[in-house]
């Protein structure tokens with residue numbers, strides 16, 4: 001365990017968020033207390049509360065960090081493809097790779113919403129913002145691909161993506177990404193000209 005009495009604020013925040021990310025994602029946000037975060041991060045409880053005045057603030061920071069990471073990983077896959085249609089299908093390739101990660105436990109936003117959405121308006125808002133951000137990215141990809149109705153195509157693709165995310169988390173298999181990609185291909189064949 002690293003003691004952080006002499007480390008700067010940025011390092012202490014990183015240690016706390018690293019610990020929170022691992023524990024919240026693995027065990028859920030409700031079952032992990034601040035003392036467990038303290039023990040895993042090596043940051044004193046006093047310093048932890050100076051950095052994050054409440055567990056709610058730490059959960060928000062965890063979700064903000066997860067959102068940035070997810071967007072970065074998705075963009076890496078999509079930007080590697082040059083053809084507009086291939087860029088859409090790269091979303092499902094990203095999902096496949098994500099589902100293959102050893103620690104994959106589904107979507108942190110769906111998980112957190114399931115635990116706290118009815119009692120934490122902020123968690124519900126962050127989950128909605130994350131999902132809407134993904135949908136808007138799909139709308140943009142659909143428009144670039146020449147879809148007659150990018151919003152409708154994006155709505156179909158988001159349902160495939162979200163279903164694959166949930167199914168993979170429950171089944172422990174990456175196969176839902178393959179099936180979702182196959183379905184997306186059929187939808188693209190029907191929706192796009194050329």
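Residue numbers (full-length UniProt numbering): 1 to 194.
Beta carbons: idealized from backbone N, C-alpha and C, even for Gly.
None of these values were measured; they are calculated from a predicted model.
Cβ neighbours of residue i in the same chain (closer than 7 Å, five flanking residues each side left out)
i	result
residue 108	25, 63 and 66
residue 19	37, 40 and 41
residue 167	176
Any non-hydrogen atom of the ligand GDP within 7 Å of residue i CB
i	result
residue 85	What this structure holds is no ligand at all, so the ligand GDP is not there to describe.
Top-ranked residue by Cα proximity to residue i, from the options
i	options	result
residue 43	9, 158, 98 and 86	9
residue 120	45, 51, 190 and 57	57
residue 131	29, 79 and 155	155
residue 13	37, 27 and 32	37
residue 78	46, 137 and 157	137
residue 152	112, 165 and 135	135
residue 162	149, 127 and 102	127
residue 129	146, 171 and 110	110
residue 115	7, 11, 32 and 19	32
residue 102	48, 61, 172 and 143	172
residue 182	133, 165, 89 and 144	89
residue 113	29, 7 and 21	29
residue 157	188, 166, 133 and 125	188
residue 117	149, 71, 60 and 49	60
residue 72	91, 166 and 27	91
Under 8 Å between C-beta atoms of residue i and residue j
i	j	result
residue 41	residue 16	yes
residue 179	residue 141	no
residue 147	residue 106	no
residue 145	residue 85	yes
Whole-number beta carbon distance between residue j and residue i, since they are thought to touch under 8 Å
i	j	result
residue 94	residue 74	5 Å
residue 160	residue 190	That belief does not hold up - the Cβ atoms of residue 160 and residue 190 are roughly 13 Å apart, past 8 Å.
residue 45	residue 34	7 Å
Contacts around residue i, its chain only, beta-carbon distance under 6 Å, and the 5 residues preceding and following it disregarded
i	result
residue 96	174 and 177
residue 3	At residue 3, the pLDDT of 49 sits below 50, so the modelled position is not reliable; the number obtained from the coordinates is stated separately. Here the set comprises 42.
Host alpha helix (DSSP H) of residue i (start-end)
i	result
residue 191	175 to 191
residue 150	150 to 171
residue 62	55 to 80
residue 52	Careful: residue 52 lies outside any alpha helix (DSSP H) and carries neither H nor E.
residue 96	84 to 99
residue 133	121 to 144
residue 114	108 to 116
residue 41	34 to 41
residue 104	Taken as a continuous stretch (DSSP letters only), residue 104 belongs to no alpha helix (DSSP H), as it is neither H nor E.
Contacting residues, own chain, Cβ-Cβ under 8 Å from residue i (five flanking each side not counted)
i	result
residue 21	62, 65 and 66
residue 51	9, 12, 13, 16 and 43
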